[in-house]
Each structure stands twice: as C-alpha cells, then as structure tokens.
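Residues -19 to -1, 1 to 315 (mature numbering (1 follows the signal peptide of the UniProt record, and there is no 0)) are what the sequence shown spells out, left to right.
Where is the CB? At the ideal position from N, CA and C, for every residue including glycine.
For reference, the structure is listed below as structure tokens.
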Amino acid sequence: MNRLKLLLLTLAVPLGLLANVGQSVEASADFVVDKCGNGDFTTVQEAIDAVPDFRKRETVIYIKNGIYKEKLVLPASKTRVTFLGEDREKTIITNDDYAQKLNAFGEEMGTTGSSGFFVFGDEFRAENITFENSAGPVGQAVAVRVDGDKAVFVNCRFLGFQDTLYTHGDRSRQYYKNCYIEGTVDFIFGWSVAVFEGCEIHCKMNGYVTAASTNESNRYGYVFMNCKITGDGGESTFYLGRPWRPHAKTVFLNCWLDKHIKTEGWNNWGKETNEQTAFYAEHNSSGPGANPEARAAWSHQLTDEQAATYTLDQIFAAGVVSPAFADDWIPISE
C-alpha cells in the first residue's frame, strides 16, 4: 500500500480500529524496532545496518513507541529506506550532543558533529516520528542533518533550539509535509532545495527562522507553502531569515505569521552586500506578523504570476541546480 494512502487511512479510521491498523503496518514492514524487545531489533541503528546496500526496492522500518537515545547514521549505501513511527508524539529519536561538547579526543564536536541523525542515503522517508536534540539552549545542536537527495518527512516533529534542522546537501531536494519544526537561532539552515508545506514552524524565545546558504546557480532555496509561523516570544522578536551565504533564497507563500515576526522581516547578517545578492520574498502573508508595506526594502512581495511559478514540479525539477540532477522529482505523487 502507498505510504501516504496508509497514513491518511490511519488518520481516517475510528479510534477503536487504530490498533488494528498499527498491527497491519507492523506486519507489512521489513524490520520492526522495539526497545522492549518485541521486534527484530531494539535499536534503530541495528535496523539501518541490516538494510542491504543499494537495494533497488524500498525497505520499511517500523519503529514502535519509545524513546530511542541514539546517534544515527544512514550511509549513502542505504537507499530507499523508510522510517514509519507508531505515534509521532511517542516515537522519539533523541540525542544531546552539541557543538562545544568534547569528543573522545577532547575536541569540540562542532555543528556537524552535534547532529543526532545523519541522512546520507537517497530517497529516505520518515513518517510519524519525533527527532529531537535535547541539549537545550547551549549553542548549535542539530537534531537532523540531511544530505541525501529526494528526502521526504511527513507528520514528523523536529525539536531543538539553535540549528535544529540542517538541510546540508547542496545537491539535495527535500520535502517536509505537515511537520512541526521548532528552534531559536537559524533553526532551519543549509544549502539544500527544500519545500515546507502545511508545517508549523515554532519560534522559541528570539532569533531567526532560516539561514539559507543557497548556491548562486540554484533557482530555488527554501520555499514555505501554507505554513503557520508561531512563537512563544514577545512581539517583534524574530526574523524570517538571514543569509548564511550571500545568495540565500527563501520564500514564504500563503503563510500565517504570528506577532513575533519583526516588521522588517529580514536581516542582512551585518553585511549590506548581502542585500544585493540574497532573494527573500513573500506572497499573501497573513496574521499579525504580516506587514508587506514595512518589510525590508531589499526584500520582495511576489505578484500572483510570480508566485504561480513556485510549484513542486518546478522547484524539484532536474535543472534547478547546476550541473542538473539526473531526473525530475515530484514527492508523494501517488
């Protein structure tokens, strides 16, 4: 059964039948992870390691409820791997590394080293899972770093503070659907082409939602579609983004913005030259944080015609980067 259809079926059935649906998903999975010992493996990494290298078919790993404190690596040789969690709120993969934490050699881990989950394999998919970096407000602490191409996350949570989600691969297309992503400073950052659709982006305290480092040749960077940008900080405490690299590209389409979004919307990271190279834009923003007339003069308000070019088939087309990807891609097309 198609994974999206299975997810929608799960959401649609009466509560009394959910257990049966869960049992069906578990029975059809290739591997089952259960920390209590009632599966094929007790850790997620063991299941990853058991996936044949460069398998041509999808490998489904069903992860039962529990808190899995692990530092995961999905190697580039583990392609077409799918994680299906039993319950988004109760299936939690967590780690507490952070940039200044020392490794076994007494060296600082750094931002990349702090990652709780490295996704190098292409065509990775995750549904109904919480990915957490529990280090707290201690500087850079990554929950997930994604390098593989054609990565999809559906109904997942990403919890952390600074640098929660690292869209690292500069030849990586990523799609986030109905996810919850939280953080403080630059908590969605990196090089990748990424779409966030129907997500809640939750801003904690004060800071910056995005820090894109889009390559100059890329046609698209980050695109937020029909998202809610919520926050627990005071009024005017958050920017929508700042450019980690000069050619950052970030666009918000039909998004609801809470009062914590600053009137100017965007920050140049202390470099006026970034205002000439970065592309920051909105279309049809709403909510108390929407203020198109007062946005930074170097940002853009898209016309209806311009906004219409931001479709999944165009954003994820082979030619959006140079050199081009091997093929076009439309996530969850069935």
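Where Ile242 falls: helix, strand or coil (DSSP): Residue mapping note: residue 242 aligns to position 261 of the sequence shown, counting from 1. DSSP places Ile242 in strand when its eight states are reduced to three.
DSSP state of Asn187 mapped onto helix, strand, coil: Taking the first residue of the sequence shown as 1, we reach residue 187 at position 206. If DSSP states are grouped into helix, strand and coil, Asn187 belongs with the strands.
Contact the stretch 20 to 38 vs the stretch 50 to 67: 3+ CB pairs below 8 Å: With the rule of 3 Cβ pairs closer than 8 Å, the stretch 20 to 38 counts as touching the stretch 50 to 67.
Cβ distance (whole Å) where Asp128 is taken to contact Val100 below 8 Å: In the sequence shown, counting from the first residue as 1, residue 128 sits at position 147. In the sequence shown, counting from the first residue as 1, residue 100 sits at position 119. About 6 Å separates the two Cβ atoms, so the contact holds.
Ser267 classed as buried or exposed, judged by whether at least 16 other C-beta atoms fall within 10 angstroms: Here residue 267 corresponds to residue number 286 of the sequence shown, with the count starting at 1. Exposed.
Neighbourhood of Gln257 by C-beta distance below 8 Å, restricted to the same chain and skipping five residues each side: Here residue 257 refers to the residue found at position 276 when the sequence shown is read from its first residue. Trp279, listed in sequence order.
Buried or exposed (CB count within 10 angstroms, at least 16 for buried), Glu163: Along the sequence shown, one-based indexing puts residue 163 at 182. Buried is the label assigned to Glu163, since at least 16 other Cβ atoms lie within 10 Å of its Cβ.
Coil, strand or helix - Gln26 by DSSP: To locate residue 26, count along the sequence shown from 1; it is residue 45. Assignment of Gln26 by DSSP, reduced to helix, strand and coil, places it in the helix class.
Bridge-paired residues (DSSP) for Ile73: Here the question's residue 73 lines up with position 92 in the sequence shown. Beta-bridge annotation (DSSP): Ile73 is paired with Ile48, Thr111.
First and last residue of the uninterrupted beta strand (DSSP E) at Ile296: The residue given as residue 296 occupies position 315 in the sequence shown. Ile296 -> not in any beta strand (DSSP E); alpha helix (DSSP H) instead, spanning 293 to 296.
Where Glu181 falls: helix, strand or coil (DSSP): By 1-based counting over the sequence shown, the position of residue 181 is 200. Strand, per DSSP.
Spatial distance of Met(-19) from Lys158 (CA atoms): Counting from one through the sequence shown, the residue named residue -19 turns up at place 1. Counting from one through the sequence shown, the residue named residue 158 turns up at place 177. Caution is warranted here: a pLDDT of 45 is assigned to Met(-19), below 50, making its placement in the model unreliable, and no coordinate value can be reported.
Per-residue burial, Glu89 [other beta carbons within 10 Å of its own, 16 or more giving buried]: Taking the sequence shown and counting its residues from 1, one reaches residue 89 at position 108. It is exposed - the Cβ of Glu89 has fewer than 16 other Cβ atoms within 10 Å.
Stretch pair the stretch 244 to 262 + the stretch 293 to 304: three plus CB contacts closer than 8 Å: Contact fails: fewer than three Cβ-Cβ distances are below 8 Å.
Start-to-end residues for the alpha helix (DSSP H) that takes in Gln287: Position 306 of the sequence shown, counted from the start, is the residue given in the question as residue 287. Gln287: member of the alpha helix (DSSP H) spanning 285 to 288, first to last residue.
Residue interval of the beta strand (DSSP E) (run including Gly171): Position 190 of the sequence shown, counting from 1, holds the residue named residue 171. That run of the beta strand (DSSP E) goes 161 to 171.
Closest residue to Pro312 among Ala57, Asn114, Val135 (Cα-Cα distance): Here residue 312 refers to the residue found at position 331 when the sequence shown is read from its first residue. Distance from the Cα of Pro312 is smallest, within the candidate group Ala57, Asn114, Val135, for Val135.
In DSSP terms, what Met206 is bridged to: Within the sequence shown, the letter at position 225 stands for residue 206. The beta-bridge partner set that DSSP reports for Met206 consists of Glu178, Leu234.
Glu216 - DSSP class collapsed to helix/strand/coil: Here residue 216 is taken as the residue at index 235 of the sequence shown, counted from 1. Residue state, collapsed to three classes: coil.
Environment of Leu(-2) [buried if 16+ CB atoms lie within 10 Å]: The count along the sequence shown starts at 1 and reaches residue -2 at position 18. Per-residue confidence for Leu(-2) stands at a pLDDT of 48, beneath the threshold of 50, marking its modelled position as unreliable; no derived number is given.
Residues bridged to Ala262 [DSSP beta-bridge criterion]: Counting from 1 along the sequence shown, the entry for residue 262 is found at position 281. Looking at the DSSP output, Ala262 bridges to Val232, His281.
Own chain partners of Asn207 with C-beta closer than 8 Å, once the 5 adjacent residues on each side are dropped: Translated into positions along the sequence shown, residue 207 becomes position 226. For Asn207, same chain residues with a beta-carbon under 8 Å away, outside a window of 5 residues either side, are Glu178, Gly179, Leu234, Asn235, Cys236 in chain order.
Where Val123 falls: helix, strand or coil (DSSP): Numbered from its first residue, the sequence shown carries residue 123 at position 142. Val123 falls in the coil class under three-state DSSP.
Residue closest to Gly120, alpha-carbon to alpha-carbon, out of Ser95, Arg106, Ala107, His183: As a first step, residue 120 must be located in the sequence shown, where it is residue number 139. The candidate whose alpha carbon is nearest that of Gly120 is Ser95.
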